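Report on the structure given below.
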Amino acid sequence: MERIEKLVIVGVGLVGGSFALALKEAGAVGRVVGVGRGAGNIRRALDLGIIDAAGAADGETLKDADLVLLAVPVGQMRAVMRSIAPLLGARTVVTDAGSTKQDVVELARRELKAALSRFVPGHPIAGTERSGADAAFAGLYRGHRVVLTPLAENEPGALALVRAAWERCGASVSELRPREHDAVLAAVSHLPHVLAYALVDQVARHKNAKQLFSYAAGGFRDFTRIAASHPEMWRDICLANKKALLAEIDRYGGKLERVRRMLERGDARALEGLFSGARDARNRWLKDT
1 MERIEKLVIV GVGLVGGSFA LALKEAGAVG RVVGVGRGAG NIRRALDLGI IDAAGAADGE
61 TLKDADLVLL AVPVGQMRAV MRSIAPLLGA RTVVTDAGST KQDVVELARR ELKAALSRFV
121 PGHPIAGTER SGADAAFAGL YRGHRVVLTP LAENEPGALA LVRAAWERCG ASVSELRPRE
181 HDAVLAAVSH LPHVLAYALV DQVARHKNAK QLFSYAAGGF RDFTRIAASH PEMWRDICLA
241 NKKALLAEID RYGGKLERVR RMLERGDARA LEGLFSGARD ARNRWLKDT
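Residue numbers for the sequence shown follow the numbering used here, so the first one is 1 and each next one is one higher.
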């Protein structure tokens, strides 16, 4: 891929900051400009060398950008797209890192106007429970999957640039349709986050919550690690992918009800069969990754 001379990151947190650092480490980018609503976080990104300059949603920042990454919660995407649309250069390519895609694509069709053919929707399936510029690191995407959901209108050059940029970050890039993406991620990402948040909330509401937390150990910590994730981001993801997430919650509720019946009748064989099958499925998954 040709070197990205000017990259603009809107939202310099874990995702956006790690993208910038990975491209810098690969020697694939020249100047990185950060845009964000938190002045303190932008200053921190400058101090850490994630970005080279602070910018704004204005013509000076955007008009000559080669690539713009929108790394903001999906609930902010409409306002960001609307503000940047009339300011983008004629050859500027735009991509996003939103965890849902149907809603982002619909917003892009309404808001990006003439730049739509140069907007390539994407989602890096990598992250930690930390947020902000301090959480960013160059190796976040190495060996992880990035899903693109290209539009029929996309210019081939725009798609090629976005794909190549993620590959230079060390990611494995694949493509899905937006609806397919949202259904898949509802099952393996959005539902687990809801379950982790719900479990911590349930324990915290016990009268003896302090005692319960004092006895919680590795299993509880591992299961609930993702409940330390950014609440605003996950609020927006859940609402944006409500239909698919509700379907997965219903499926999971049905599974819990079956487990409940096994326990009520003391069915050791059924419980062990479920646990063994789940363990084997997890081991196969880990072996294949």
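All C-beta atoms in this analysis are idealised placements derived from N, C-alpha and C, irrespective of residue type, glycine included.
These numbers were taken from a predicted model, which means no experiment stands behind them.
- Membership of D96 in the beta strand (DSSP E) is indicated by the continuous run 93-96.
- According to DSSP, residue pairing for G30 in a beta bridge does not occur.
- In the DSSP annotation of this structure, the continuous segment of the beta strand (DSSP E) that includes E5 starts and ends at 4-10.
- The DSSP-derived three-state label of L70 is strand.
- Residue burial annotation: G254 is exposed, with fewer than 16 other C-beta atoms found within 10 angstroms of its C-beta.
- Put simply, of L176, A247, A216, R91 the residue whose alpha carbon is nearest the alpha carbon of Q102 is L176.
- Here DSSP, grouped into helix, strand and coil, assigns L148 to strand.
- Between the C-alpha atoms of V203 and F137 there is a straight-line separation of about 33 angstroms.
- In this structure, G132 places its C-beta atom within 9 angstroms of the C-beta atom of R44.
- Between the region 77-89 and the region 177-196, the count of Cβ pairs shorter than 8 angstroms is below three; the stretches do not touch.
- Residue pairing of E155 in beta bridges, as defined by DSSP: absent, with no partner found.
- Taking C-beta atoms as the reference points, L148 and S174 count as a pair closer than 9 angstroms.
- For G13, there is no enclosing beta strand (DSSP E), as DSSP marks it with neither H nor E.
- Straight-line measurement puts the Cα of L274 at about 12 angstroms from the Cα of L263.
- The residues I237, C238, N241, L245, in chain order, have a CB closer than 7 angstroms to that of H190 in the same chain once the five nearest residues on each side in sequence are set aside.
- DSSP places P192 inside the alpha helix (DSSP H), whose first and last residues are 191-204.
- Beta-bridge partners assigned by DSSP to P124: V146.
- For A228, the closest C-alpha among the options A247, A20, R269, L199 is that of L199.
- A direct Cα-to-Cα measurement between V94 and P178 gives close to 17 angstroms.
- Linking L256 to I249 through their CA atoms gives a straight-line distance of about 10 angstroms.
- Look at the beta carbons and you see the region 12-22 touching the region 60-76: at least three pairs across the two are nearer than 8 angstroms.
- By alpha-carbon distance to D58, the top candidate from G34, I50, L48 is G34.
- Where V173 is concerned, the enclosing beta strand (DSSP E) starts and stops at 172-175.
- For S117 against E155, the beta-carbon gap comes to about 5 angstroms, under 8 angstroms, which counts as contact.
- With 16 or more neighbouring CB atoms inside 10 Å of its own CB, T100 falls in the buried class.
- Under the three-state reduction of DSSP output, A216 falls in the coil class, being neither helix nor strand.
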